[in-house]
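*Asks:* Supplied in structure tokens, the structure appears directly below.
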Amino acid sequence: MEAVARLKDVPTSPRKMRIIADLIRGQRVSRALGLLKYQPQAGADVLQKVLLSAVANWQQKNEDERIEDADLYVKTIFVDGGPMLKRLRPAPQGRGHRIRKRSNHITIVVDSAAQSALTSAEAETPENEQ
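Quick note: to get the working numbering, add 44 to the position in the sequence shown (first position is 1).
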């Protein structure tokens, strides 16, 4: 059973956040948390909190299972562009240059590797053939 965590309107450009998101895509949760902990980018702290939230959401859905036995991994992660704040910066000769302050939306989906292996094995076994 997968769990989702979303964070909206993060005041970082989507391009900068996607660089960090690409590091943890498909990784085990423990490895992803270790990678994020030692990344120098400011967005790594935000992604770490969202990942921990996704793990907590998974734990809420699956109260009968232990996290250690579940072998969680980052199934999908994507960063979408959010609303832009548009500001004017004074420029020479009375003009103004537009400054775009970008934001993004982060979505992380975690899933249990043990459960996904079971469901894929069930899908591969053929039904009663006649």
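Positions of the beta carbon are idealized from the N, C-alpha and C atoms, including for glycine.
As the structure is a prediction and not an experimental result, all values here were calculated from the model.
Consult DSSP for residue 126 and reduce its assignment to one of helix, strand or coil.
*Replies:* As a position in the sequence shown, residue 126 is number 82, starting the count at 1. Reduced to three states, the DSSP call for residue 126 is coil.
*Asks:* Looking at the structure shown, is residue 55 part of a helix, part of a strand, or coil, going by DSSP?
*Replies:* The residue given as residue 55 occupies position 11 in the sequence shown. The answer is coil: DSSP assigns residue 55 none of H, G, I, E or B.
*Asks:* Is the separation between the beta-carbon of residue 58 and that of residue 148 shorter than 8 Å?
*Replies:* Counting from 1 along the sequence shown, the entry for residue 58 is found at position 14. Counting from 1 along the sequence shown, the entry for residue 148 is found at position 104. In contact: residue 58 and residue 148 (Cβ atoms closer than 8 Å).
*Asks:* Between the alpha carbons of residue 68 and residue 133, how many angstroms are there, rounded?
*Replies:* Taking the first residue of the sequence shown as 1, we reach residue 68 at position 24. Taking the first residue of the sequence shown as 1, we reach residue 133 at position 89. Straight-line Cα distance between these residues: approximately 36 Å.
*Asks:* Return the Cβ separation of residue 105 and residue 92 in integer angstroms, given the expectation that the two are a contact with Cβ distance under 8 Å.
*Replies:* Position 61 of the sequence shown, counted from the first residue, corresponds to residue 105. Position 48 of the sequence shown, counted from the first residue, corresponds to residue 92. With a Cβ gap of about 21 Å, residue 105 and residue 92 do not count as contacting.
*Asks:* Roughly how many angstroms lie between the CA atoms of residue 7 and residue 119, to the nearest whole one?
*Replies:* Coverage of the chain is limited to positions 45 through 174, which leaves residue 7 absent and any answer about it impossible.
*Asks:* Leaving aside the five residues before and after residue 50 along the sequence, list all residues of the same chain whose C-beta is less than 6 Å from its C-beta, in chain order.
*Replies:* The residue given as residue 50 occupies position 6 in the sequence shown. If we look at residue 50 and ignore the five residues flanking it on each side, its Cβ neighbours are 151.
*Asks:* Since residue 48 and residue 98 are thought to touch, with beta carbons under 8 Å apart, how far apart are those beta carbons, to the nearest angstrom?
*Replies:* To locate residue 48, count along the sequence shown from 1; it is residue 4. To locate residue 98, count along the sequence shown from 1; it is residue 54. Confirmed, about 7 Å.
*Asks:* Does residue 147 come out as helix, strand or coil in the three-state DSSP assignment?
*Replies:* Stepping through the sequence shown from its first residue, residue 147 is reached at position 103. Coil.
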